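Residue numbers for the sequence shown, in mature numbering (1 follows the signal peptide of the UniProt record, and there is no 0): -27 to -1, 1 to 242. Each residue gets a CB set at the ideal place from its N, CA and C atoms; glycine is no exception. Quick caveat, the model's predicted, so the values are computed rather than measured.
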Amino acid sequence: MRAIPFCIVCFCAGCWGVVLPSPQSFAQTEFTEPTDETDGKPANNASPSGIAVVELFTSQGCSSCPSADRVLQQIASVASKGKPRVYALSFHVDYWNRLGWEDPYSSPVSTRRQKQYAVSMRSNRIYTPQMIVNGTEQFLGSDRAHAHRAVVGALAEKPTSYVTLEVASQANDRNLQVKYQITGQYDGCLLQVAAIQTPAANAIPRGENAGRTLTHVNVVRAFESIPATASTGTVELSLPDDVEPSTTRVIAYVQNPKTLAITGANTTN
């Protein structure tokens, strides 16, 4: 199967005719705050809160992406205030760099990850902006209403694996040593580990977004995928030279390599 990229605005002007709710709709969404939990694992037999890993595949070279970037910003903002276990990641793909502007946050790693989802979902193309929740539900990234439903639905599901994280690094060290521990059901799974940067902003002089200044949150700047063969271990993430380590944190999540379903996640403070 060969994945064929296309930009929503180029493929069908008007983003497939999606009608977005008002900007306030997501902010008014109430996420249930997890109760009686420590380090991502339920305590005292409390009913565990679900997790929602929200992956946005985006590009500064696509004029349809800024609206999806704002949706992800709202998800991340609501999550930080209400403290539900929602983990937002912004993967900047590199296949639109040929349109006149090279996205400084783009990476072939992000493109390969999106292609893996395309294969798993039996799709013959990849596109931006695409949002995927917990590895199994995909939709147009600017569809705020769908994002709301997907996140709330994910939080209602019981996780089957749990992750704790500790980052050991010295000040200004670009090599992050991430120590992890996994419990629950993780046999045969992968542990996905990402270093994310917030905020990330820059002016766009060329391309479809020329003249705009774009702001992003939780931009993936380093990513490693390792087999979860042991309950504990260490993975190293190397940050690019343009990243200030103090602006980053780490998100890790357990993923089934066959179905790509995400069964557990956590982050560093």
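Practice item. Round the Cβ separation of V140 and T241 to the nearest angstrom and send it over; I've been treating them as touching at under 8 angstroms. Key: 5 angstroms
**Study point:** Meets three-Cβ-pair contact criterion under 8 angstroms: the stretch 36 to 49 and the stretch 188 to 197
**Key:** As far as the Cβ criterion goes, the stretch 36 to 49 touches the stretch 188 to 197, which means the pair count is three or higher.
**Study point:** Proximity below 8 angstroms, CB of W69 to CB of T101
**Key:** Result yes, Cβ atoms of W69 and T101 sit closer than 8 angstroms.
Practice item. Measure how close the beta-carbons of G114 and V44 come, nearest whole angstrom, since I'm counting them as under 8 angstroms. Key: 6 angstroms
Review point. So which of P81, E209 and R179 has the shortest CA-CA distance to A167?
Key: E209
Review point. Below 8 angstroms, can you find three or more Cβ-Cβ pairs linking the stretch 153 to 165 to the stretch 214 to 234?
Key: These segments touch.
Check your understanding: Leaving out the 5 sequence neighbours to the left and right, which residues in its chain are closer than 7 angstroms to I105 when beta-carbon positions are compared?
Key -> E28, Y90 and Q111
Review point. Span of the beta strand (DSSP E) holding Q87?
Key: Not the beta strand (DSSP E): Q87 falls in the alpha helix (DSSP H), residues P81 to S93.
Review point. Between P132 and T236, which are expected to be in contact by the criterion C-beta below 8 angstroms, what is the C-beta distance as a whole number of angstroms?
Key: 6 angstroms
Point to revise | Burial state of N97, where buried means 16 or more other Cβ atoms lie within 10 Å | key: So N97 ends up on the exposed side.
Check your understanding: In or out: G34 buried (at least 16 other Cβ within 10 Å) or exposed?
Key -> Buried.
Review point. Hey, would you say N182 sits closer than 8 angstroms to P39, going by beta carbons?
Key: A contact, by the Cβ cut-off of 8 angstroms.
**Study point:** Which of helix, strand or coil DSSP assigns to S37
**Key:** Of the three classes helix, strand and coil, the one that applies to S37 here is coil, per DSSP.
Review point. What is the residue span of the alpha helix (DSSP H) that residue 253 lies within?
Key: No answer is possible for residue 253: the residues shown for the chain start at -27 and end at 242.
**Study point:** Contact check, R86 vs F64, beta carbons under 8 angstroms
**Key:** yes
Point to revise | Span separating the alpha-carbon of V125 from that of S53 | key: 15 angstroms
Check your understanding: In whole angstroms, what is the alpha-carbon distance linking Y78 and P218?
Key -> 15 angstroms
Exercise for review: With DSSP as the reference, please indicate the residues paired to N175 in a beta bridge.
Suggested key: L187
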